[in-house]
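K.L.:
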Amino acid sequence: MKKFKRYLVTSALPYANGPLHIGHLAGVYVPSDIYTRYLRMKGEDVISVCGSDEHGVPITLKARKEGVSPQEIVDRYHEINKKAFSDFGIAFDIYSRTSNKIHYETASEFFLNLYEKGEFTEKNSEQYYDEEAGCFLADRYIMGTCPHCGNENAYGDQCEKCGTSLSPSDLINPHSTISGSKPVLRETLHWYLPLDKYEPWLRKWILEEHREWKTNVYGQCKSWLDQGLQPRAVSRDLDWGVPVPVKNAKGKVLYVWFDAPIGYISATKELTPNWEKYWKDKDTRMIHFIGKDNIVFHCIIFPSMLNAEGTYILPDNVPANEFLNLEGEKISTSRNWAVWLHEYLEDFPGKQDVLRYSLCASAPETKDNDFTWKEFQARNNNELVAILGNFVNRTLVLTNNYYEGKVPSRGVTDKYDESVLKEIGKIRVNVETSIESFRFREALKEAMNLARLGNKYLADTEPWKVVKTDPERVKTIMNIALQITANLTIILEPFLPFSMEKLRGWLNTGKKQWSDAGQTDILLTGHMVNKPELLFDKIEDEAIDRQVAKLMASKKANEAASVITVPSKDPVSFDDFSKIDIRTATILEAEKVPRTTKLLKLKIDTGIDVRTIVSGIAEYYEPQAIIGKQISIVANLEPRKIKGIESKGMILMAEDKDGKLVLVSPSDKVSNGSMIK
RNA sequence: UGCGGGGUGGAGCAGUGGUAGCUCGUUGGGCUCAUAACCCAAAGGUCGGAGGUUCGAAUCCUCCCUCCGCUACCA
Numbered sequence: 004m005k006k007f008k009r010y011l012v013t014s015a016l017p018y019a020n021g022p023l024h025i026g027h028l029a030g031v032y033v034p035s036d037i038y039t040r041y042l043r044m045k046g047e048d049v050i051s052v053c054g055s056d057e058h059g060v061p062i063t064l065k066a067r068k069e070g071v072s073p074q075e076i077v078d079r080y081h082e083i084n085k086k087a088f089s090d091f092g093i094a095f096d097i098y099s100r101t102s103n104k105i106h107y108e109t110a111s112e113f114f115l116n117l118y119e120k121g122e123f124t125e126k127n128s129e130q131y132y133d134e135e136a137g138c139f140l141a142d143r144y145i146m147g148t149c150p151h152c153g154n155e156n157a158y159g160d161q162c163e164k165c166g167t168s169l170s171p172s173d174l175i176n177p178h179s180t181i182s183g184s185k186p187v188l189r190e191t192l193h194w195y196l197p198l199d200k201y202e203p204w205l206r207k208w209i210l211e212e213h214r215e216w217k218t219n220v221y222g223q224c225k226s227w228l229d230q231g232l233q234p235r236a237v238s239r240d241l242d243w244g245v246p247v248p249v250k251n252a253k254g255k256v257l258y259v260w261f262d263a264p265i266g267y268i269s270a271t272k273e274l275t276p277n278w279e280k281y282w283k284d285k286d287t288r289m290i291h292f293i294g295k296d297n298i299v300f301h302c303i304i305f306p307s308m309l310n311a312e313g314t315y316i317l318p319d320n321v322p323a324n325e326f327l328n329l330e331g332e333k334i335s336t337s338r339n340w341a342v343w344l345h346e347y348l349e350d351f352p353g354k355q356d357v358l359r360y361s362l363c364a365s366a367p368e369t370k371d372n373d374f375t376w377k378e379f380q381a382r383n384n385n386e387l388v389a390i391l392g393n394f395v396n397r398t399l400v401l402t403n404n405y406y407e408g409k410v411p412s413r414g415v416t417d418k419y420d421e422s423v424l425k426e427i428g429k430i431r432v433n434v435e436t437s438i439e440s441f442r443f444r445e446a447l448k449e450a451m452n453l454a455r456l457g458n459k460y461l462a463d464t465e466p467w468k469v470v471k472t473d474p475e476r477v478k479t480i481m482n483i484a485l486q487i488t489a490n491l492t493i494i495l496e497p498f499l500p501f502s503m504e505k506l507r508g509w510l511n512t513g514k515k516q517w518s519d520a521g522q523t524d525i526l527l528t529g530h531m532v533n534k535p536e537l538l539f540d541k542i543e544d545e546a547i548d549r550q551v552a553k554l555m556a557s558k559k560a561n562e563a564a565s566v567i568t569v570p571s572k573d574p575v576s577f578d579d580f581s582k583i584d585i586r587t588a589t590i591l592e593a594e595k596v597p598r599t600t601k602l603l604k605l606k607i608d609t610g611i612d613v614r615t616i617v618s619g620i621a622e623y624y625e626p627q628a629i630i631g632k633q634i635s636i637v638a639n640l641e642p643r644k645i646k647g648i649e650s651k652g653m654i655l656m657a658e659d660k661d662g663k664l665v666l667v668s669p670s671d672k673v674s675n676g677s678m679i680k
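Right, dumping it as structure tokens:
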């Protein structure tokens, strides 16, 4: 493998329209932080850059909704997120933002450079335009009736009721959400990055030269490349963003995914005047830490931009993670299904490392993973407390009891002692190998093995027993136990920086280099250590129950808030109403329609006849349970074949806010066929 | 119905051709320095099923079963 002189670590710029949650941390920032801390301890020349991504339509939408400016929105979340990172010890060298002047300059220059080289293609296209508000409309700004389900509040890109993805021209009765007026199509000019042109180069660069990338990343790229790349617009009609720096570009800004990765460059510029060393020297190794939603931008688009520009280096690896679920469900900002970083610290003050540990141990490295509070508790109690904290405590308590805190000398060592000491070095190498291959779960497990080793050593040598017969031997044992403890402060430092700082305090030592790991005389004879406190404490069931209850509460609140009362429909005449034959009937038989999830085949007595109706209620009613039940039906609906079965009529049901269907029945028994009017 | 991802000891997972492994749990034992923590040992799996390729398959191929997500079926 190529030897690099320095490292440039980038972490996905969080979007400044909301606070950070555990998914962000687990997927991107904990791994990136571990990696960076490790490199720094090795004495490598490394910088880690990040910042807020502050442009794009969602931010303008949110601003409009709250009646404030986009700048106010991004200011708010920039501060919150910057603080969250610093609170959790995510040690970027700089946390910048894309609304900075330096970023505007950098992004403009970058665009202009490609523009002047003729890398872009220009194309006119038709976009929806709001004549009243005088602006073009992003898909999200257009609402109308969904052609599939009839929902009158479908967005131009997606109907949230039936989930179908749409384009604005699909909508019936489209209207602008800004002015309410009917949008018209209007021609607009945009600049495109011809990704199709770069395809051969990308194929070679990724598929041949970077086979070592993680399988999820490589596979994703391959599938994109195999599908064929299309030119992508790099500009938008919007007033929030970096203006397109050419003539005839009034009201146009750089599209957010074009300007965001350039944010890495501007952040580096802001950090150091030597920024070019990190971006333009082939001896720099650039690593992008991202989530899987970002793979295409960091593996295809941004590299294409950099390559087209020509003077920049390309990422050497893009260790993207998958997604973290929470208690079995997808994390969702809008549904408040998340553990927010700032709230976590209110509930668990000082327990940054516990979350870092737990998120790293179950990070979604190869596939989506689930975070549960129960597992979080188990990781803390069974691993951090029982294995790590306990070993440290045993060692320091014994040292204080026997030697008043003075490190005893190591006398004659036996074979077992030697093998334990040697094991420390092996563990260090294992941790290194794992971190350098971006396998952080494995690295952490291996690092914890050092604490396991310590516990085993004490159990095997039993100093509390031997002390009565052979005090000289105990000095050797405790010296070795202390050396293991000292090594822990090095090997676990990238993972648990807060706790290791504490531990160093008790050991009365300073920060060490990574190369010190494996050494067996870190604490010299006679060195004084302090009295320890508990490195971690147990998390009781109540604390966990409270968190789960909190989630359940937000789930409930959500449901309540999501009740959409459908406005009343247009009036109909009584004549029209009377055309519908609604009457009572009794269910005689019910069975599931095979190979469907929702359909029941019902035989019902309508008073006038016995007929078959197919109804989509199987998810809410067991066939057996509804036989004999009296219900209401539309008797004169034209028959329709559903799944090959002729359905004559329709069962009336009330649909609850969560989509649950409930049969509508007469409150007292009436004869079948009674008219409902 | 289509697409995608899974099915490995009680639970959660690792393991892409060569004697089936980890964490937790269970049971028994040891220890009592330590936050009832630690250490050792044992039990427990025909790696969803059937065929095939191979000297050899959890691992490759074919078919099937099953679970999950999206999709379809709800008039």
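Residue numbering for the first sequence follows the numbering used here, starting at 4 and increasing by one per position. Built from N, CA and C at the ideal position, the CB exists for glycine as well.
Nearest-angstrom Cα distance between Asn385 and Ala462?
P.N.:
18 Å
K.L.:
Could you tell me the distance, in whole angstroms, from the CA atom of Ser361 to the CA atom of Phe501?
P.N.:
14 Å
K.L.:
On the criterion of 16 or more Cβ atoms from any shown chain inside 10 Å, does Met3 qualify as buried, or is it exposed?
P.N.:
Only positions 4 to 680 of the chain appear in the structure, and residue 3 is not among them; the question remains open.
K.L.:
Answer yes or no: do Gly529 and Lys409 have a C-beta to C-beta separation smaller than 9 Å?
P.N.:
yes
K.L.:
With DSSP collapsed to three states, give me the class of Ser269.
P.N.:
helix
K.L.:
In the DSSP output, which residue or residues are listed as bridge partners for Ser650?
P.N.:
Arg643
K.L.:
Look at the alpha carbon of Leu527 and the alpha carbon of Leu485, and state the distance between them as a whole number of angstroms.
P.N.:
Per the coordinates, the alpha-carbon of Leu527 lies some 10 Å from the alpha-carbon of Leu485.
K.L.:
Spatial neighbours of Asp286 within its chain, please: C-beta separation below 6 Å, excluding the five flanking residues on both sides.
P.N.:
Phe7, Lys8
K.L.:
Quick check: Glu135 and Thr191, are their CB atoms within less than 9 Å of each other?
P.N.:
no
K.L.:
What do you get for Ala366, buried or exposed, if any count of 16 or more other CB atoms within 10 angstroms of its CB means buried?
P.N.:
Taking all protein chains shown into account, Ala366 has 16 or more neighbouring C-beta atoms within 10 Å of its C-beta and is therefore buried.
K.L.:
Since Glu658 is in the alpha helix (DSSP H), which residue starts that stretch and which ends it?
P.N.:
Segment 656-658 is the beta strand (DSSP E) holding Glu658; no alpha helix (DSSP H) there.
K.L.:
Report the three-state DSSP secondary structure of Val566 (helix, strand or coil).
P.N.:
Note that Val566 scores a pLDDT of 48, beneath 50, so its modelled location is shaky; the value from the coordinates is reported in the next line. The three-state reading of DSSP puts Val566 in coil, since its state is none of H, G, I, E or B.
K.L.:
Round the Cβ separation of Val637 and Asp584 to the nearest angstrom and send it over; I've been treating them as touching at under 8 Å.
P.N.:
7 Å
K.L.:
Have a look at Phe351 and Ile630 and give me their C-alpha separation to the nearest angstrom.
P.N.:
53 Å
K.L.:
Quick one, which of Leu274, Lys185, Ser576, Pro574 has its alpha-carbon nearest Thr148's?
P.N.:
Lys185
K.L.:
Given this structure, state the Cα-to-Cα distance separating Leu603 from Lys680, to the nearest angstrom.
P.N.:
27 Å
K.L.:
For Gly513, does the three-state DSSP call read helix, strand or coil?
P.N.:
In the structure shown, the three-state DSSP call for Gly513 is coil.
K.L.:
Could you have a look at Phe743 and say whether DSSP puts it in helix, strand or coil?
P.N.:
The question about residue 743 has no answer here: the residues shown for the chain are numbered 4 through 680.
K.L.:
Whole angstroms are fine: how far does the CA of Val60 sit from the CA of Met531?
P.N.:
Taking the Cα positions, Met531 is about 59 Å away from Val60.
K.L.:
Using the Cα positions of Glu57 and Val71, report the straight-line distance between them to the nearest angstrom.
P.N.:
15 Å
K.L.:
Quick one, are the C-beta atoms of Thr271 and Ile97 less than 9 Å apart?
P.N.:
Yes, they are a contact pair.
K.L.:
How about Trp243 and Tyr118: are their beta carbons less than 9 Å apart?
P.N.:
No, they are not a contact pair.
K.L.:
So, using beta-carbon positions, are Met481 and Tyr419 closer together than 9 Å?
P.N.:
no
K.L.:
Would you identify the three-state DSSP class for Ser618, choosing helix, strand or coil?
P.N.:
strand
K.L.:
Take Glu378 as the anchor and find which of Glu368, Leu358, Lys370 has the nearest alpha-carbon.
P.N.:
Leu358
K.L.:
Determine the DSSP secondary structure at Leu16, reduced to helix, strand or coil.
P.N.:
Coil at Leu16, not helix or strand.
K.L.:
To the nearest angstrom, how far is the alpha carbon of Ile316 from that of Leu424?
P.N.:
43 Å
K.L.:
What residues in its chain sit with their C-beta under 6 Å from that of Phe539, if we drop five residues either side in the sequence?
P.N.:
Leu387, Val388, Gly392
K.L.:
Gly457 and Phe394 look like a contact to me (Cβ under 8 Å); what is the Cβ gap, rounded to whole Å?
P.N.:
4 Å
K.L.:
Taking only the alpha-carbon atoms, compute the straight-line gap between His345 and His81 and give it to the nearest angstrom.
P.N.:
Using only the alpha carbons, I get a separation of about 13 Å.
K.L.:
For the candidate residues Val477, Gly508, Gly676, Cys53, whose alpha-carbon lies nearest to that of Ala2?
P.N.:
Examination of residue 2 is not possible in this model, given that the chain is present from 4 through 680 alone.
K.L.:
Below 8 Å, how does it come out for the stretch 516-525 and the stretch 426-435: are there three or more Cβ pairs, yes or no?
P.N.:
Yes, the stretch 516-525 is in contact with the stretch 426-435.
K.L.:
Measure the alpha-carbon distance for Lys646 versus Phe326 and round it to whole angstroms.
P.N.:
37 Å
K.L.:
Figure out for me which residue from Ser674, Asn116, Ile487 has the closest Cα to the Cα of Thr314.
P.N.:
Asn116
K.L.:
How should Gln516 be labelled, buried or exposed, when 16 other C-beta atoms within 10 angstroms of its C-beta is the threshold for buried?
P.N.:
exposed
K.L.:
According to DSSP, is Asp608 helix, strand or coil?
P.N.:
strand
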